[in-house]
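K.L.:
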Amino acid sequence: MKIKHLKISQKLAILFSGLFVMLVLHYFLVFKLDSNILDDGTKLDIAQRNGMAIQQAIFYLRNVVDGNQQTDLNDLSNRVASINSNIDILQNGGVYKARFDEEIEVQPISDDITNQLLAFQRLWKEFDKRFSKVRTTSQLHHDSVLVYYLPESTTSSATQLPAEEDLFSLGNLGGLDGGLDDFSFDDNTANPPLSINYRKMQYQFDNVLNGSIAPDLNFIIRNTEKLILLNKNLEHSLSTRLYYDQIRLRYWMVALFLINAIVIGIGYWFVVKTSLHPLLKIRQLINRLAAGDISRTLLAHSHDEVGSLIQDLSRFSQGLEHITDFATQVGKGNFDENFEVRSKKDTLGYALLEMRDDLKQNSEEDKRRNWANEGTAKFSDILRQHAQDMQALSYQLISNLVHYLEANQGGIYSLEKEGDDKTNLVLKAAYAYNKQKFIQQSIPVEQGLLGQAVMEKGHLYFNQISSDYIRLTSGLGEATPSYLLIVPLISNDEVHGVIEIASFKPIEEYQLAFVIKLSESIAATLSNVRSNERTKLLLEESQMYAEQMRAQEEEMRQSMEELTTTQEELERIQADLRERLTNYEAVVNSTKSMILALDKEYNIKVLNRSYSAMLRRLKGTEVPNGSNILEILTQEQLEYWKPYYERALSGESFTMVSNIKNSEFEDVYYELEFFPLIATNGVITGFAIVNREVTSLNPIRFTDYEDIIPIK
């Protein structure tokens with residue numbers, strides 16, 4: 004699978020998996036080297052303790068020989084046992100109890116130092132035997148009397164033994180033994196030889212050394228320095244090994260740092276190449292779209308989320324282009340232009356279709372109003388010009404009305420009384436198939452459909468009529484149209500006549516409304532006196548309707564302009580918000596200061612890159628936004644920092660300086676600024692911490708802060 008076919012999550016998973024593997028290898032390698040350093044350091048500590056224990060054992064041995072307390076003998080035994088235990092741990096490994104009763108697992112000593120340990124161990128075994136003999140044998144004879152003989156020429160003061168003697172100050176106890184041998188006699192001789200005059204001498208000893216342990220003490224005295232030297236050699240070898248382990252750790256740390264830097268650099272290049280560069284192009288496309296430029300699109304070179312986003316933006320751009328074309332066509336009056344919505348949730352698409360339908364309906368209504376207005380004006384002019392000639396007026400009215408309605412036949416009847424009781428409908432003019440018909444016809448008002456319309460004072464409209472109706476009843480012609488309209492001419496609730504229109508196609512409602520409305524004008528004209536007034540009223544009403552129509556058109560135009568302005572402003576605001584968010588993230592993440600914002604529940608709301616790196620070192624893993632800081636801190640850290648958090652949540656803004664020791668044991672100072680986050684309604688929603696290094700500042704300046712404390 005090619006990289007461009009991978010999703011961003013998969014790419015990041017591969018990247019972070021590699022970083023995780025490097026981190027694990029780094030950890031295990033450093034852990035191994037640290038373990039070696041700890042092991043060698045522990046062995047060096049054991050050897051140093053052995054050296055100290057040897058000196059302490061010699062000291063306690065001296066006290067034992069001098070006849071001191073039993074505790075010295077116990078201490079001597081403890082030191083010997085400690086040395087034996089330490090030698091066993093160095094040789095075979097085991098658990099070593101260090102300072103503060105810390106138990107450390109120690110590995111057997113390496114082969115390159117084994118010979119030195121064996122040399123020390125061989126000599127120590129001899130020491131151990133003699134220490135054991137000294138511990139298990141009575142070291143002194145108490146209340147002993149020494150009897151010896153001296154020639155009479157020898158003064159007693161010259162050979163008098165000291166009252167107290169430090170046996171170890173002699174360096175070699177053989178002199179004492181030899182001196183005693185010089186004074187010894189044959190076992191069978193109870194008295195000194197008689198040939199020489201001797202005088203008997205005796206000396207009272209409080210504590211006399213046991214002669215059986217004298218050789219052991221002599222061995223210990225003579226070889227103590229050698230034993231200490233062998234232990235020093237062992238210490239030196241262990242110290243050298245520890246030194247090289249530390250050097251090796253430093254080299255590996257540098258190497259791992261370089262490797263990690265290379266891997267991070269490759270990862271950064273990978274992220275920039277596969278994500279940031281396409282995002283910049285997407286941003287440019289969005290800015291162009293926000294500016295109204297839809298002439299350009301981007302081609303997706305990858306199949307990840309960024310590629311999908313580019314494809315979506317391209318489709319969005321094409322959709323805007325389609326919308327623009329559609330709006331242009333609708334603006335030109337082409338209301339039959341087709342537009343397909345992109346989905347059921349395409350609010351803009353449905354709004355455009357609704358707008359088109361509304362405009363189409365308004366256009367149709369405008370056409371109908373214009374048609375009605377034009378007809379009204381036309382027939383008003385006819386009524387005005389022929390108001391004095393009833394015959395000419397009737398012909399002009401019916402002929403123009405048939406043409407205007409695109410009908411086929413028509414007639415106009417006048418309601419006239421003949422005598423006192425008889426009222427007939429008299430045909431004043433007839434028009435059929437573009438010709439004037441000269442027909443004489445009078446119909447009683449009580450007969451037929453015409454009479455029904457007069458009696459009911461309402462219009463009649465039929466879409467199916469008998470084939471002989473027109474020929475039998477009206478005499479307008481031989482053809483039989485399908486649709487028939489009969490409208491009485493009524494003025495002031497008085498019927499003045501009837502208009503009859505026949506057509507081969509349906510008469511629309513707006514045409515019917517126009518005829519009914521026109522019938523009133525005709526009736527008013529026929530009523531003579533009120534004809535002019537009626538005509539004037541109709542003209543005024545038509546002008547009012549025309550003005551209303553123009554006002555509605557102006558309102559529609561303003562609504563369209565406001566809709567366009569609102570949409571452009573919305574797009575501008577969205578672009579501005581995106582730019583502000585980008586700038587904000589860039590500023591927060593580019594600063595060296597560590598920035599952290601928490602809500603009242605201590606959940607992380609804002610975490611810049613520097614603070615994220617610090618928390619990652621603290622936790623050993625990435626800490627995302629939304630994490631709770633109380634779950635990240637240890638109990639000790641929580642007890643330390645939570646009072647400061649609560650101060651900030653209470654509305655207090657304060658600054659403090661803390662310091663830590665760096666790797667060179669130098670003080671590094673940090674300035675921590677706490678301040679509450681307050682919403683527009685005055686409610687505290689959380690607090691923020693800005694942490695910046697201020698070591699380079701004048702230390703005197705730190706006295707201005709509340710405290711200088713070590714960072715926990």
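Mind the numbering: the sequence shown is residues 4 to 715 in my numbering, read in order. Cβ atoms here follow ideal geometry from the backbone N, Cα and C, with glycine treated the same way. Note that this is a predicted model, so its numbers are computed, not measured.
(1) For proline 627, which of helix, strand or coil comes out of DSSP?
(2) Buried or exposed for valine 27, going by 16 or more other Cβ atoms inside 10 Å?
(3) Per DSSP, what are the beta-bridge partners of isoleucine 681 in this structure?
(4) As a quick exercise: from Ala60, Val405 and Gln412, pick the residue whose alpha carbon is nearest that of alanine 84.
(5) Quick one, which of Arg575, Asn81, Lys35 and Tyr247 has its alpha-carbon nearest asparagine 53's?
(6) Determine the direct distance from the alpha carbon of leucine 355 to that of leucine 18, and round the result to whole angstroms.
(7) Do isoleucine 632 and alanine 691 have their C-beta atoms within less than 8 Å of each other?
(8) Since glycine 413 and leucine 404 should fall inside the 8 Å C-beta cutoff, what is the C-beta to C-beta distance between them, to a whole number of angstroms?
(9) Is DSSP giving valine 697 helix, strand or coil here?
(10) Can you name the residues that DSSP bridges to alanine 600?
(11) Work out the CA separation of arginine 133 and leucine 79 for me, nearest whole Å.
(12) How far does the alpha helix (DSSP H) with phenylalanine 382 in it extend, from its first residue to its last?
(13) Helix, strand or coil for glycine 97? Go by DSSP, reduced to three states.
(14) Among residues of its own chain, excluding the 5 on either side of lysine 347, which ones have a beta-carbon nearer than 6 Å to its beta-carbon?
(15) Would you mind working out which of Asn611, Ala432, Leu232 and Val109 sits nearest isoleucine 92, comparing C-alpha positions?
(16) Between serine 656 and tyrosine 673, which are expected to be in contact by the criterion C-beta below 8 Å, what is the C-beta distance as a whole number of angstroms?
(17) Using only alpha-carbon positions, find the residue among Val693, Val590, Asn66 and Leu351 that is nearest to serine 596.
(18) Determine the closest residue to serine 485 out of Phe329, Asp42, Glu497 and Lys508, with distance taken between C-alpha atoms.
(19) Whose CA, out of His29, Ala16 and Glu604, lies closest to the CA of glycine 623?
(20) Taking three-plus beta-carbon pairs below 8 Å as touching, is the stretch 541 to 559 in contact with the stretch 395 to 403?
(21) Would the beta-carbon of leucine 288 be found less than 7 Å away from any heavy atom of the ligand SAM?
(22) For the stretch 583 to 592 against the stretch 563 to 574, do three or more pairs of beta-carbon atoms, one drawn from each stretch, fall closer than 8 Å, so that the two count as touching?
(23) Need the endpoints of the beta strand (DSSP E) that phenylalanine 465 sits in, please.
(24) Using DSSP's beta-bridge definition, name the partner residues of serine 656.
(25) So valine 266 packs on glycine 21, CB below 8 Å; how close in whole Å?
(26) Near glutamine 249, what residues of its chain come up, given a Cβ to Cβ distance below 8 Å and the 5 sequence neighbours on each side ignored?
(27) Just the Cα atoms here: how many angstroms apart are leucine 396 and leucine 487?
(28) Buried or exposed for arginine 125, please, with buried defined as at least 16 other CB atoms from any protein chain shown within 10 angstroms of its CB.
(29) Tell me the residue span of the beta strand (DSSP E) that contains tyrosine 271.
(30) Using the beta-carbon count (16 or more within 10 Å), is aspartate 43 buried or exposed?
(31) Based on DSSP bridge pairs, tell me the residues matched to tyrosine 614.
(32) Leaving aside the five residues before and after glutamine 119 along the sequence, list all residues of the same chain whose C-beta is less than 8 Å from its C-beta, in chain order.
(33) Looking at the structure shown, is tyrosine 436 part of a helix, part of a strand, or coil, going by DSSP?
(34) Can you give me the C-alpha to C-alpha distance between threonine 379 and glutamine 546, rounded to a whole angstrom?
(35) Tell me which same chain residues have a C-beta within less than 8 Å of the C-beta of isoleucine 745, skipping the five on either side of it?
P.N.:
From the atom records:
(1) coil
(2) exposed
(3) Ile687
(4) Ala60
(5) Asn81
(6) 46 Å
(7) no
(8) 6 Å
(9) coil
(10) Val609 and Ala691
(11) 12 Å
(12) 350 to 388
(13) strand
(14) none
(15) Val109
(16) With 8 Å as the limit, serine 656 and tyrosine 673 do not qualify as a contact, their Cβ atoms being about 18 Å apart.
(17) Val693
(18) Lys508
(19) His29
(20) no
(21) Absent from the structure shown: the ligand SAM. Ligands present: none.
(22) no
(23) 463 to 465
(24) Note: serine 656 sits in no beta bridge, so no partner.
(25) 7 Å
(26) Ile40
(27) 23 Å
(28) exposed
(29) It is not in any beta strand (DSSP E) - tyrosine 271 instead sits in the alpha helix (DSSP H) that spans 217 to 274.
(30) buried
(31) Its beta-bridge partners do not exist; DSSP assigns none.
(32) Leu233, Asn236, Leu237 and Ser240
(33) coil
(34) 11 Å
(35) Beyond the ends of the chain as shown, which are 4 and 715, falls residue 745; an answer cannot be given.
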